[in-house]
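Protein chains in written order, with the working numbering: chain A, 88 to 306; chain B, -3 to 254; chain C, 87 to 327. In this text, a Cβ means the ideal position worked out from N, Cα and C, and glycines have one as well. Below is one structure, written out as structure tokens; comments come after it.
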Amino acid sequence: MRRVWALVWKDLLVEFRGREFLGAMVVFALITIVTLNFAFDLSRGDRAAPGAGGLWIAFLFAGMLGLGRSLAVERDRGTLEGLTLCPVDAGTIFLGKFIANALFIVIVQAVSLPVFYGLYNLPSLNPMVLLIAVTGAVGFAGLGTLFSAVAASSRAREILMPLLLFPLAIPLVIGTVRATTLIFESNSADAWPWFNLLAAFDVIFVTLSYVVFDLVLEE
Amino acid sequence: MMQRKPTDRSDTLVQGLGLLTVAVLTVGIFMAFVYAPTDRDQGEAQRIFYVHVPMAWLAYLAMGVVLVGSVGYMWKRSARMDRLARSSAELGFLFTTLVLITGSLWGRPIWNAWWQWEARLTTTLILWFIFIGYFMVRAYAGDRERGARYAAVLGIIGAIDVPIIHQSVTWWRTLHPEPIVLDTGGPNLPDSMLATLLVCLAGFTLLYGYLMVQKTRIETVRDELAERELASLFEPEVETHDRRPAPVSPKVSGAAED
Amino acid sequence: MTGEDQYFHIEHVYKRFGTTIALRDVSFRLAAGEAVALLGANGAGKTTLLRTLATLSRPTRGSVRAFGVDAWSARAEVRARLGVVAHQPYIYPELSCAENLAFFATMFGLEDAGKRATRALERVGLAGRAGDRAATLSRGLLQRLNLARAILHDPSALVLDEPDTGLDAAGRDLLSEIVRSQVARGGSVVLTTHALDYALVLATRVVVLADGRVVLDEPRELADRDAVALAVGAGAVMAGR
């Protein structure tokens, strides 16, 4: 466990000092949220569903951009080889990367949600939305870390990442968007089953990714 | 490494399987077009179900076999398990494509639309994308062994994800204030229709089995060829090695004269 | 001869990349207390051999044993006892020298990661730059940091690919000192270099690769400088063929 935290701490330091992609992720999420207004007219009518959908599309795309880079950078620099030469199992490296990536998505959400509230006046700062946001981030980070590693040593890695991640992440998209829509419709009680479902998805996806990560890293 | 040499006996068995497949499928097609009554509500269009349902069953069966092969590969790293997974994936992709096509053909007259966001159909569409991802991962890995590992990752995650996707799409539909698409098939099928469906299911499952046998054989030969090509690259070296002084030589050897 | 004192024992190893063969029937042993210099022209297979020893590359054929176990199937165990320097430094430029070393010390499961890092930095003469980011180091100093990272966990064997790259005279002395003390405490070293004379001073044994084959393998005392140079040169001709 000490090693997992060392990996997370290392990733956070590298990111905050190098400013490789976190800043770009945040800006990308914001610009997507702004573009939303032109894609769906959010000034009137039933805004809950398109608002929730757009918000999660922003997180999904921003997260994918960042996650796609997370292992590619290490591979290009050769430091991934350095990590695999450490006497740790692939699962440990997965957990370190996964926790760091989940934190990055949560940071993007922490900036985006208040802006979303300011722009559209939908209750995006409701504690329940925050809970759903974090739960969704965990699942995306789990699958995203796994496929980031797959894409990192493949050709056409930028296109491969969404091709693999999007179909498999559909349960997460459905869960997060439905739950957020219900909360935006002031129907928080009905969102709870979706939260439970998302939590279950998180457990399944993170566990699976942890188990199979050895297949990806072994070179 | 490749112990499985196709013998005459196994050839006969495979031929037998092929003939049986043709026989059952012929009966199935006859039953589908002649024996089974025309559906009261849906008319002749309903007959496509005798192909559509077996295709759907095979698409998911094939994904299940991909899962088995992928887990086996993760466990043992055996080339055989990888061949099983990749053969089944190719057939699965074919059947999934056919499910989508036959489903649309049926949907056009019945739903008056090529497509409905119904749970089973949606899941099948996503399965189709998962299969594409499966082939792309292999093709883009740049190395056979690495491709096999990455494909196993997708085979495992994809296969386990499919029922989860189905469930989440079902809940999404039921909790959504829109009419639920009529549930076709159902248990109240007349006996003659059920019998036809069962024969077609059996026939197409046999077809899957037959194609799997042939496909894995082709893949085995392909692997054998790759292995042989590898051996031929090394062989001249192995021969000359004997004439060469021992690798640990007292003076410069080999290189200067070569 | 087998088992623990035989640090590396590889037999009839072939390595193929696509249609090119990097190693052809290479057999090679490395005992405790030996320092082997691998020489050879560019493309002779030196790096591939080192990567095979470092469990970074799996041979197409042949067996690789390290510390008496199969190197690939027991690679976690083997890696814990190896100190590796490759072409690309395993260093994060955004982290300081001390942070880099402390991170890897933790990853190797060492107690007192901070102290270990300080000690390793002192050994390579970088104590004064401990707090500086690795990105600010010059090529030679980065290579020193990379060496410090490799010896951090007192590995049984050092596997060094061109460790003298970018090093000045003082840096080379430092490298010699590291190699000697590794041998003195019963460990072993295998390194590649293009500096023939330096190799003949540094190593206890010289191995020359040409076109993926071992063409010369002798103890330093017996190695004739001209013969070694000829073997390397012949390899260069073959590589250009």
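Between the alpha carbons of residue i and residue j, how many angstroms are there, rounded?
{"i": "leucine 233 of chain C", "j": "aspartate 176 of chain A", "result": "24 Å"}
{"i": "cysteine 173 of chain A", "j": "methionine 193 of chain C", "result": "6 Å"}
{"i": "glycine 226 of chain A", "j": "leucine 142 of chain C", "result": "31 Å"}
{"i": "arginine 82 of chain B", "j": "valine 171 of chain C", "result": "38 Å"}
{"i": "glycine 141 of chain A", "j": "isoleucine 120 of chain A", "result": "7 Å"}
{"i": "proline 186 of chain B", "j": "alanine 239 of chain A", "result": "54 Å"}
{"i": "proline 210 of chain A", "j": "phenylalanine 271 of chain A", "result": "6 Å"}
{"i": "tryptophan 107 of chain B", "j": "leucine 302 of chain A", "result": "44 Å"}
{"i": "valine 61 of chain B", "j": "alanine 19 of chain B", "result": "25 Å"}
{"i": "phenylalanine 45 of chain B", "j": "leucine 190 of chain B", "result": "11 Å"}
{"i": "serine 199 of chain A", "j": "valine 113 of chain A", "result": "7 Å"}
{"i": "leucine 233 of chain A", "j": "tyrosine 31 of chain B", "result": "52 Å"}
{"i": "arginine 30 of chain C", "j": "valine 299 of chain A", "result": "An answer regarding residue 30 of chain C cannot be provided, because it is not within the stretch 87 to 327 covered by chain C."}
{"i": "valine 133 of chain B", "j": "arginine 145 of chain B", "result": "9 Å"}
{"i": "leucine 152 of chain A", "j": "arginine 134 of chain A", "result": "27 Å"}
{"i": "lysine 97 of chain A", "j": "leucine 247 of chain A", "result": "27 Å"}
{"i": "leucine 154 of chain A", "j": "isoleucine 107 of chain C", "result": "36 Å"}
{"i": "arginine 258 of chain C", "j": "valine 210 of chain C", "result": "11 Å"}
{"i": "leucine 196 of chain C", "j": "histidine 239 of chain C", "result": "7 Å"}
{"i": "alanine 278 of chain A", "j": "alanine 216 of chain C", "result": "52 Å"}
{"i": "arginine 167 of chain C", "j": "proline 241 of chain C", "result": "5 Å"}
{"i": "arginine 162 of chain A", "j": "alanine 152 of chain C", "result": "26 Å"}
{"i": "glycine 104 of chain C", "j": "alanine 135 of chain B", "result": "15 Å"}
Can you say whether residue i is buried or exposed, counting buried as having 16 or more other CB atoms within 10 angstroms of its CB?
{"i": "serine 130 of chain A", "result": "exposed"}
{"i": "asparagine 208 of chain A", "result": "exposed"}
{"i": "tryptophan 143 of chain A", "result": "buried"}
{"i": "aspartate 289 of chain A", "result": "buried"}
{"i": "phenylalanine 190 of chain C", "result": "buried"}
{"i": "asparagine 188 of chain A", "result": "buried"}
{"i": "aspartate 78 of chain B", "result": "buried"}
{"i": "tryptophan 168 of chain B", "result": "buried"}
{"i": "proline 214 of chain A", "result": "exposed"}
{"i": "leucine 214 of chain B", "result": "Checking the sequence, you will find isoleucine at residue 214 of chain B rather than leucine. The residue is exposed, with fewer than 16 neighbouring Cβ atoms inside 10 Å."}
{"i": "glutamate 40 of chain B", "result": "exposed"}
{"i": "aspartate 283 of chain C", "result": "exposed"}
{"i": "proline 33 of chain B", "result": "exposed"}
{"i": "glutamine 11 of chain B", "result": "exposed"}
{"i": "asparagine 128 of chain C", "result": "exposed"}
{"i": "lysine 184 of chain A", "result": "buried"}
May I ask you to report which of helix, strand or coil DSSP gives residue i?
{"i": "proline 305 of chain C", "result": "strand"}
{"i": "histidine 95 of chain C", "result": "strand"}
{"i": "phenylalanine 153 of chain C", "result": "coil"}
{"i": "glutamate 102 of chain C", "result": "Before going on, a small fix: residue 102 of chain C reads as arginine here, not glutamate. Three-state DSSP puts arginine 102 of chain C in a strand."}
{"i": "arginine 5 of chain B", "result": "helix"}
{"i": "aspartate 163 of chain A", "result": "helix"}
{"i": "leucine 190 of chain B", "result": "helix"}
{"i": "valine 193 of chain A", "result": "helix"}
{"i": "leucine 197 of chain B", "result": "helix"}
{"i": "aspartate 35 of chain B", "result": "strand"}
{"i": "serine 267 of chain C", "result": "helix"}
Determine, using beta carbons only, whether residue i comes closer than 7 Å to chain A.
{"i": "aspartate 157 of chain B", "result": "yes"}
{"i": "arginine 273 of chain B", "result": "Chain B is shown only over -3 to 254; residue 273 of chain B falls outside these bounds and no answer can be derived."}
{"i": "arginine 145 of chain B", "result": "yes"}
{"i": "tyrosine 130 of chain B", "result": "no"}
{"i": "tyrosine 136 of chain B", "result": "yes"}
{"i": "leucine 9 of chain B", "result": "no"}
{"i": "phenylalanine 103 of chain C", "result": "no"}
{"i": "leucine 181 of chain C", "result": "yes"}
Comparing the C-beta of residue i with each C-beta of chain C, is any distance below 7 Å?
{"i": "leucine 100 of chain A", "result": "yes"}
{"i": "glycine 105 of chain A", "result": "yes"}
Using 6 Å as the cut-off, classify the Cβ of residue i as near or not near the heavy atoms of the ligand ZN, replying yes or no.
{"i": "histidine 162 of chain B", "result": "Looking at this structure, you won't find the ligand ZN or any other ligand, since it has none at all."}
Counting only C-beta atoms, is residue i closer than 7 Å to chain B at any point?
{"i": "proline 258 of chain A", "result": "yes"}
{"i": "leucine 295 of chain A", "result": "yes"}
{"i": "isoleucine 144 of chain A", "result": "no"}
{"i": "arginine 162 of chain A", "result": "no"}
{"i": "leucine 255 of chain A", "result": "yes"}
Residue ranges of each beta strand (DSSP E) run of no fewer than 3 residues wholly in the region 163 to 219 of chain C, ordered along the chain? Entirely contained in the region 163 to 219 of chain C, the beta strand (DSSP E) runs reaching 3 residues are, in chain order, 168 to 171.
With a floor of 4 residues, list each alpha helix (DSSP H) that falls wholly inside the region 230 to 293 of chain A, ordered by position along the chain. You should have 244 to 255, 257 to 271.
In chain order, which continuous runs of the alpha helix (DSSP H) of length 4 or greater are located wholly inside the region 214 to 261 of chain C? Fully enclosed alpha helix (DSSP H) runs of no fewer than 4 residues occupy 225 to 237 of the region 214 to 261 of chain C, in order along the chain.
At what residue ranges does the region 126 to 191 of chain A contain a whole run of the alpha helix (DSSP H), taking only runs of 4 or more? 135 to 164, 166 to 171
Under 7 Å (Cβ pairs) to chain F, residues found in the region 107 to 132 of chain B: No chain F appears in the structure shown, which is made up of the protein chains A, B and C.
Runs of alpha helix (DSSP H) wholly within the region 103 to 146 of chain B (minimum 4 residues, chain order): Those alpha helix (DSSP H) runs which fall completely within the region 103 to 146 of chain B and span 4+ residues are 115 to 136.
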